[in-house]
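Peer 1:
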Amino acid sequence: MKRVVLIAGLLVLMVAGLAQAKTTVEFWHAMSGSRLKVLEKIVSDFNAAHPDVEVRAVFTGTYEETLTRFIAGYRTGTAPHLVQVYEVGTQTMIDSGAIIPVYQIPGMLGETWDWAQYVRPIVLYYSVDGDLWPYPFSSSTFMLYYNKDHFRQAGLDPNKPPTTWDEIEEYGEKLIQAGVVSSVLSFGWPDCIFEQELALHNYLYADNENGRADLSTKVTWPDAFSVKLFETWTRLSQKGIFLYGGPEYDANAAFTAGKISMLLQSTSSLDGILKTAQGKFEVGTSFLPRFADEPSGNSVIGGSSLWVRKGQSEAELRAVWEFLKYLSQTDVAIYWHKGTGYFPTTNAALKELMDSGWFVESPNHLTAFLQILSGRQDTAAALGARLGPFPEIRDYIRTAIEKACAGTLSPEAALAEAAAKANRALQEYRSLIK
Amino acid sequence: MEARFPGYRLLPYILILPSIAVIIVFLVVPFAMAVQQSFYRTSPFGTTTLFVGFDNYSQLFSAPEYVQSLLTTLVFAALVIGGGLALSLAIAILVTRKIRGVGFYQVAFIWTYALSPAVAGIIWALLFDPSVGLGTYLIQQLTGYRINMRVSGTPALLIAAAAAVWNMLGYNICFYIAGLQNVPKEFEEAARVDGASPWRTFWRITFPMLSPTTAFLLFTNTIYAFFQVFGLIDILTQGGPGGATEILVYKLYRDGFIRLRVNYAAAQSVLLFLMVAAMALFQLRVTTRRAEYSR
Chain Y
623 MKRVVLIAGL LVLMVAGLAQ AKTTVEFWHA MSGSRLKVLE KIVSDFNAAH
673 PDVEVRAVFT GTYEETLTRF IAGYRTGTAP HLVQVYEVGT QTMIDSGAII
723 PVYQIPGMLG ETWDWAQYVR PIVLYYSVDG DLWPYPFSSS TFMLYYNKDH
773 FRQAGLDPNK PPTTWDEIEE YGEKLIQAGV VSSVLSFGWP DCIFEQELAL
823 HNYLYADNEN GRADLSTKVT WPDAFSVKLF ETWTRLSQKG IFLYGGPEYD
873 ANAAFTAGKI SMLLQSTSSL DGILKTAQGK FEVGTSFLPR FADEPSGNSV
923 IGGSSLWVRK GQSEAELRAV WEFLKYLSQT DVAIYWHKGT GYFPTTNAAL
973 KELMDSGWFV ESPNHLTAFL QILSGRQDTA AALGARLGPF PEIRDYIRTA
1023 IEKACAGTLS PEAALAEAAA KANRALQEYR SLIK
Chain U
667 MEARFPGYRL LPYILILPSI AVIIVFLVVP FAMAVQQSFY RTSPFGTTTL
717 FVGFDNYSQL FSAPEYVQSL LTTLVFAALV IGGGLALSLA IAILVTRKIR
767 GVGFYQVAFI WTYALSPAVA GIIWALLFDP SVGLGTYLIQ QLTGYRINMR
817 VSGTPALLIA AAAAVWNMLG YNICFYIAGL QNVPKEFEEA ARVDGASPWR
867 TFWRITFPML SPTTAFLLFT NTIYAFFQVF GLIDILTQGG PGGATEILVY
917 KLYRDGFIRL RVNYAAAQSV LLFLMVAAMA LFQLRVTTRR AEYSR
């Protein structure tokens, strides 16, 4: 009897030892809702295919919360191996001293890797001096979603969505007059729409080439363009056309419930919106609205990317790298794109999607691609800003939009108030990093 | 001490040591660190630290939004404490009457306290969603006024206060029901025999007899309105629109954890501590002196 116990005990120890040999990769992310299921499937498929690696994907709240937790984790030595950080956290991560730029990882492991295989605008957004720092995973941009059924009811052509802000206003008045809706348009991530509109017209957001040549010292607004933009939004709000719908994804519910007809939102909401609207109404998508008499720029890459923490063992780094390579596989990249609406990140995945007729089958998945590939990519203004205290500045811009739309402050005063705070933040950041 | 523990001079100190240790580790040390942090400025990842003296404090006092946040907090606290206690007392009086099914009513009013502030926040956010909310719809039908709590500050603050009162109602009613049951019936009967109106009886007898309960609730509700509503605000409004519901504790969180200004937030936490400590002392002094304990 004693011997049986002893053998059983040894077996338990051996199994435990085997489990120990597995390299664990902690991965913190901010994917909720329909995106979460898609990500979890990818992670479990990877784990099944790699018995020696265990990627543990942990949902750590919103992007803001995830970044905060990563910082806290890093300062207390409990940070994960891999973390998903939203695009506005990019400069903070670059300056953090807490990460390994991904372009260095293959070299560290004695491998080579073709970084040019990723879709160009994404690479440009996340590169420092031509080298990619985070792994480009969940990239998105913003586009116009509209309810084609509403357009038909108001006697508008469902295949002629508005191109300019003037048309938004004109269509909005028609939709309200026809009694289809009582408010027409809402934004997801209002602070981000402001960034998009500046880049879309090739205007800088901050000095020093949008923070890409050197750390920015001040923001460029309020200038004539940003004031015009704010005035337009305020006017639309007063007319009841624009319904301010709160931060992030709060406005999606109004759109999918048919309470509004148009929504400016991230492409990452595409599949969520299509699924919810299925059987209820036909969803159309198009480019972001612009001003007819202003220069052309481009929509900006948004969403988030994956950062590799510094200070890992070689086994851990190798496991992380295996996982990142797995995400670059054509089938995985396609699965991710089809399930979420995020860009497929590799050119091979893009080609296969085209060859298989996916973009004909679901043209809404092509919209954002055409928008970003057709825009200019040669100016810092069109590429979008990269600022250290960007999360903070976004918060100030959002407050400014709320104050302008509520009429608490004039558009220019609201922008000026936000700019003063943003400039203080940029100065403080410079004093700490320089 | 010696009188109670003859021959054991050190024993009482050893016995309270665990509590003291907990207080030091979890309250005194973090507070001392917050005070220290408030004199520095640190980069997000803690790579650079600069000594800035009173700069964080002077920035606070020169920032109009801090004063605004202070005013918002006072208005919010007044609504939550004043409105909440008055409403709870009124309901408690109604549900302690001899009526059929009183147990049902009592439970119906108390259960809201079983919900966490986060859940309460989700319920109220759905109710007053600007486009699909039932509350928004009903108010529009009744008054023709369409509220959008994501844009207009005053409705947002009122909705947040209403949600906070609603969430705390059960707790307050519980204590008031208990308090009312301790008011000797003879006093009220005597007053009635003497021909006092119910209104007069309430203000002259019931309310003063309830003062220990009110004093206690005043204290817990202050803590609630200043700190515990955090989850509710976070889910309902995130401090918006335009900072209209950014009460002090929520501003501290946003500055420290979203805007990544840890040291600025530390300065705020020091000030908030001083304010609440002063208020707590004041309340304890005033209410313990004036509360009529029936012992």
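From first to last, the protein sequence lines stand for chains Y and U.
Just add 622 to the spot in the first sequence (first one is 1) and you have our numbering.
Just add 666 to the spot in the second sequence (first one is 1) and you have our numbering.
We put the beta carbon where it would ideally sit given N, CA and C, even for glycine.
#1: Does the Cβ of residue 865 of chain U have 16 or more other Cβ atoms within 10 Å, making it buried, or fewer, making it exposed?
#2: Under 8 Å Cβ-Cβ, which residues of chain U neighbour residue 798 of chain Y?
#3: Spell out a yes or no on whether the segment 883-896 of chain Y and the segment 759-771 of chain Y are touching, meaning 3 or more CB-CB pairs, one atom from each, closer than 8 Å.
#4: I'd like the span of the alpha helix (DSSP H) that includes residue 785 of chain U, first residue to last.
#5: Mind checking which residues open and close the beta strand (DSSP E) that includes residue 758 of chain Y?
#6: CB residue 923 of chain Y to CB residue 767 of chain Y, shorter than 8 Å?
#7: Mind reading off the beta-carbon distance from residue 842 of chain Y to residue 825 of chain Y? Whole number of angstroms is fine, and I expect it under 8 Å.
#8: Could you have a look at residue 909 of chain U and say whether DSSP puts it in helix, strand or coil?
#9: List, in order along the chain, the chain Y residues whose C-beta lies closer than 7 Å to that of residue 722 of chain U?
#10: If you compare alpha carbons, which of Y:774, Y:801, Y:775 and Y:808 is closest to residue 790 of chain Y?
#11: What does residue 742 of chain Y touch in chain U if you count any residue whose Cβ is under 9 Å from its own?
#12: Short check: CB of residue 821 of chain Y to CB of residue 711 of chain Y, under 8 Å?
#13: Can you give me the start and stop residues for the alpha helix (DSSP H) that residue 963 of chain U sits inside?
#14: Along chain U, in chain order, which residues have C-beta atoms closer than 9 Å to that of residue 879 of chain Y?
#15: Can residue 678 of chain Y and residue 707 of chain Y be called in contact, C-beta distance under 8 Å?
#16: Could you tell me which chain Y residues have their CB closer than 9 Å to the CB of residue 713 of chain U, listed as they occur along the chain?
#17: On the three-pair Cβ rule with 8 Å, is the segment 800-815 of chain Y touching the segment 771-779 of chain Y?
#18: Quick one: which chain Y residues come within Cβ less than 9 Å of residue 716 of chain U?
#19: Using beta carbons (cut-off 8 Å, strictly below), is residue 814 of chain Y in contact with chain U?
#20: Exposed or buried, what is residue 834 of chain Y when buried is set at 16 or more other beta-carbons lying within 10 Å of its beta-carbon?
#21: Can you name the residues that DSSP bridges to residue 678 of chain Y?
#22: Restricting to Cα atoms, I'd like to know which of U:748, U:684, U:708 and U:716 is closest to residue 1044 of chain U.
#23: Please list the terminal residues of the continuous beta strand (DSSP E) segment that includes residue 717 of chain U.
#24: Against residue 924 of chain U, what residues of chain Y qualify as contacts under a CB-to-CB distance less than 8 Å, listed in chain order?
#25: With DSSP as the reference, label residue 768 of chain Y as helix, strand or coil.
#26: Does any CB atom of chain U fall closer than 8 Å to the CB of residue 754 of chain Y?
#27: Leaving aside the five residues before and after residue 844 of chain Y along the sequence, list all residues of the same chain whose C-beta is less than 7 Å from its C-beta, in chain order.
#28: Under 7 Å between beta-carbons, which chain Y residues line up against residue 818 of chain U? List them in chain order, please.
#29: Using CA atoms only, rank isn't needed, just tell me which of U:919, U:869 and U:906 is closest to residue 825 of chain U.
#30: Check whether the Cβ of residue 895 of chain Y lies closer than 8 Å to any Cβ atom in chain U.
#31: Quick check on residue 913 of chain U: buried or exposed, where buried means 16 or more other Cβ atoms within 10 Å of its Cβ?
#32: Going residue by residue through the segment 1003-1037 of chain Y, where are the continuous alpha helix (DSSP H) segments of at least 4 residues, counting only ones entirely within it?
#33: List the residues of chain Y whose Cβ lies closer than 7 Å to the Cβ of residue 821 of chain U, in chain order.
#34: Measuring only the C-alpha atoms, how far is residue 792 of chain U from residue 954 of chain Y?
#35: Does the segment 670-686 of chain Y come close enough to the segment 930-949 of chain Y to have 3 or more Cβ pairs within less than 8 Å?
#36: Per DSSP, what kind of secondary structure is residue 756 of chain U in: helix, strand or coil?
Peer 2: A quick look at the data gives this:
#1: For the purposes of this step, residue 865 of chain U is taken as residue 199 along the second sequence, with counting starting at 1. Exposed, because fewer than 16 other Cβ atoms sit within 10 Å of the Cβ of residue 865 of chain U.
#2: Taking the first sequence and counting its residues from 1, the one referred to as residue 798 of chain Y is at position 176. Per Cβ cutoff of 8 Å: no residues; residue 798 of chain Y is ~13 Å from chain U at best.
#3: yes
#4: Counting from one through the second sequence, the residue named residue 785 of chain U turns up at place 119. Counting along the chain, the alpha helix (DSSP H) containing residue 785 of chain U begins and ends at 783-793.
#5: Sequence index remark: in the first sequence, residue 758 of chain Y carries index 136 (1-based). 757-762 is the extent of the beta strand (DSSP E) around residue 758 of chain Y.
#6: Along the first sequence, one-based indexing puts residue 923 of chain Y at 301. Along the first sequence, one-based indexing puts residue 767 of chain Y at 145. Contact: no.
#7: On the first sequence, residue 842 of chain Y is found 220 positions in, with the first residue counted as 1. On the first sequence, residue 825 of chain Y is found 203 positions in, with the first residue counted as 1. Indeed they touch by this definition, with Cβ atoms about 7 Å apart.
#8: On the second sequence, position 243 is the one that residue 909 of chain U refers to. In the structure shown, residue 909 of chain U sits in coil (DSSP, three-state: anything other than H, G, I, E or B).
#9: What you label residue 722 of chain U is simply residue 56 of the second sequence in a count that begins at 1. Within chain Y, no residue comes near residue 722 of chain U; the closest Cβ sits about 11 Å away, beyond 7 Å.
#10: Taking the first residue of the first sequence as position 1, residue 790 of chain Y is located at position 168. Among Y:774, Y:801, Y:775 and Y:808, the Cα nearest to that of residue 790 of chain Y is on Y:808.
#11: In the first sequence, counting from the first residue as 1, residue 742 of chain Y sits at position 120. In chain order: nothing, as chain U lies at least about 30 Å away.
#12: Mapped onto the first sequence, residue 821 of chain Y falls at position 199. Mapped onto the first sequence, residue 711 of chain Y falls at position 89. For residue 821 of chain Y and residue 711 of chain Y, no; Cβs fall outside 8 Å.
#13: Residue 963 of chain U lies beyond the range of chain U shown here (667 to 961); nothing can be said about it.
#14: Here residue 879 of chain Y refers to the residue found at position 257 of the first sequence. Under the 9 Å cutoff, chain U gives 797 and 798.
#15: To locate residue 678 of chain Y, count along the first sequence from 1; it is residue 56. To locate residue 707 of chain Y, count along the first sequence from 1; it is residue 85. No, Cβ-Cβ distance for residue 678 of chain Y and residue 707 of chain Y is not below 8 Å.
#16: What you label residue 713 of chain U is simply residue 47 of the second sequence in a count that begins at 1. Simply 717, 718, 719, 720, 1054 and 1055.
#17: yes
#18: The residue you call residue 716 of chain U lines up with position 50 of the second sequence. Within 9 Å Cβ-Cβ: 1053 and 1054.
#19: Walking along the first sequence from the start, residue 814 of chain Y turns up at place 192. Closer than 8 Å: no.
#20: On the first sequence, residue 834 of chain Y is found 212 positions in, with the first residue counted as 1. So residue 834 of chain Y counts as buried.
#21: Within the first sequence, the letter at position 56 stands for residue 678 of chain Y. In DSSP, residue 678 of chain Y forms a bridge with Y:648.
#22: The first residue shown for chain U is 667 and the last is 961, placing residue 1044 of chain U beyond what the model contains.
#23: For the purposes of this step, residue 717 of chain U is taken as residue 51 along the second sequence, with counting starting at 1. Element bounds for residue 717 of chain U: 715-717.
#24: Start at 1 with the first residue of the second sequence, and residue 924 of chain U comes out as number 258. Correct list: 686, 690, 1013, 1014 and 1017.
#25: Residue numbering aside, residue 768 of chain Y sits at position 146 when the first sequence is read from its first letter. Here residue 768 of chain Y sits in strand by DSSP.
#26: Residue 754 of chain Y sits at position 132 when you count from the first residue of the first sequence. Not an interface residue.
#27: Stepping through the first sequence from its first residue, residue 844 of chain Y is reached at position 222. Hits under 7 Å: 1034, 1037, 1038 and 1041.
#28: Stepping through the second sequence from its first residue, residue 818 of chain U is reached at position 152. Ordered by position in chain Y, the residues that pass the 7 Å Cβ test against residue 818 of chain U are 1028.
#29: As a first step, residue 825 of chain U is located in the second sequence; it is residue number 159 there, counting from the start. The shortest Cα separation from residue 825 of chain U among U:919, U:869 and U:906 belongs to U:906.
#30: Locating residue 895 of chain Y in the first sequence gives position 273, where the first residue counts as 1. It does not: the Cβ of residue 895 of chain Y has no partner Cβ on chain U nearer than 8 Å.
#31: As a first step, residue 913 of chain U must be located in the second sequence, where it is residue number 247. The residue in question, residue 913 of chain U, is buried, as its Cβ has 16 or more Cβ neighbours within 10 Å.
#32: 1012-1028
#33: One-based indexing of the second sequence puts residue 821 of chain U at position 155. Those do not exist, as residue 821 of chain U stays about 10 Å from chain Y at its closest Cβ, beyond 7 Å.
#34: Residue mapping note: residue 792 of chain U aligns to position 126 of the second sequence, counting from 1. Residue mapping note: residue 954 of chain Y aligns to position 332 of the first sequence, counting from 1. Going from the Cα of residue 792 of chain U to the Cα of residue 954 of chain Y covers about 36 Å.
#35: yes
#36: Your numbering for residue 756 of chain U matches position 90 in the second sequence. Of the three classes helix, strand and coil, the one that applies to residue 756 of chain U here is helix, per DSSP.
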